[in-house]
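Trainee: Quick note on the UniProt record's numbering: the sequence shown kicks off at 1 and runs consecutively.
No residue lacks a Cβ here, since even glycine has one placed at the ideal position from N, Cα and C.
My structure is below; once you've seen it, I'll send some questions.
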Amino acid sequence: MAGSLLDQMKKAGLVNEHKAKQAKKEKYQQTKQQQQQGGKNAVADPTVAHTETKTAAQLAADAAAQKAEKDRQLNAERQQQQAQKAKQAELKQILAVHSLKNTTGDQLFNFADGAQVKSVAVNAKTHAGLVAGSIRIVRWKGGHLLVSADMVDKINQRDDQVLIPLAADSFADDGLSAEDRDYYAKFAIPDDLSW
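If you want it as structure tokens, here you go:
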């Protein structure tokens, strides 16, 4: 045989050095305790060998269970990463097919992208769609794309962080009561002024 059961389990990776030392120490303490009880000339009990095998088997089973749990966690992480990649690929395809073309023009449309105010040069028709909410802005790869509002649900299912919120959504939590909002609605300031 190539070595003891413990050495074979170490080579297979089922038991680490710490657990092996712990099992050896327990075996030594059991043997020493039996010798003290039976006298100095006591013969080693055959159950000690059985206990050593049982302890080693228990260590192997524990190590296998830990390895299986670790493998399950790694597999779940891999599956989650693959699902995220698949969603990004779907989003890329949706944006490639459904992004609006020929929208550039001489009018600037200003919008808030996080804490920054950015602008997009669009034509009059696209500007009217952006103001009405029938065209939405999507943050994509360091730039911005325009898509029709019909695609909002599909985009949100894949990644809810890429869609720029509408101006009305941005000011929904402005701290005003419903009564104050109704009062100030009489004095609405249009956001589509051309200077």
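May I have the straight-line CA-CA distance separating Ala115 from Asn16, to the nearest angstrom?
Mentor: 52 Å
Trainee: Excluding sequence positions up to five away, which residues of its chain have a Cβ less than 8 Å from the Cβ of Ala60?
Mentor: Met9, Leu14, Val15
Trainee: Alpha carbon to alpha carbon, how far is Thr53 from Gln66?
Mentor: 20 Å
Trainee: Helix, strand or coil: which one does DSSP assign to Lys21?
Mentor: helix
Trainee: Do Leu95 and Leu176 count as a contact pair if the criterion is CB distance below 8 Å?
Mentor: no
Trainee: Of all the CB atoms in chain B, is at least one closer than 8 Å to the CB of Gln58?
Mentor: Absent from the structure: chain B. Only one protein chain is present.
Trainee: Measure from the alpha carbon of Asn102 to the alpha carbon of each residue in Ala121, Tyr28, Asp150, then state which is nearest.
Mentor: Between Asn102 and the set Ala121, Tyr28, Asp150, the nearest pair of CA atoms involves Ala121.
Trainee: Going along the chain, which residues of its own chain have a beta-carbon closer than 8 Å to the beta-carbon of Gln184, five neighbours each way excluded?
Mentor: Residue identity check: residue 184 is Tyr in the sequence provided, not Gln. So the list reads Leu176, once near-sequence residues are dropped.
Trainee: Among Gln81, Gln30, Ala20, which one has its Cα closest to the Cα of Asp62?
Mentor: The residue among Gln81, Gln30, Ala20 with its C-alpha nearest the C-alpha of Asp62 is Ala20.
Trainee: Using the three-state DSSP reduction, which class does Ile137 fall into: helix, strand or coil?
Mentor: strand
Trainee: Excluding sequence positions up to five away, which residues of its chain have a Cβ less than 7 Å from the Cβ of Gln81?
Mentor: In its chain, beyond the 5 residues on either side, no residue has a beta carbon closer than 7 Å to the beta carbon of Gln81.
Trainee: What are the start and end residues of the alpha helix (DSSP H) that includes Ala121?
Mentor: Looking at the DSSP string, Ala121 is not in any alpha helix (DSSP H); the run it does join, the beta strand (DSSP E), is 116–122.
Trainee: Measure the C-alpha to C-alpha separation of Leu163 and Glu77 and round it to an integer number of angstroms.
Mentor: When rounded, the distance between both Cα atoms is 26 Å.
Trainee: My understanding is that Ala149 touches Arg136, with C-beta atoms under 8 Å, so please give their C-beta distance in whole angstroms.
Mentor: With 8 Å as the limit, Ala149 and Arg136 qualify as a contact, their Cβ atoms being about 5 Å apart.
Trainee: Which whole-angstrom value is the C-beta distance of Val131 and Ile155, which I expect to be below 8 Å?
Mentor: Not a contact, Cβ separation roughly 20 Å.
Trainee: Beta-carbon separation of Glu90 and Thr55 under 8 Å?
Mentor: No. Outside cutoff.
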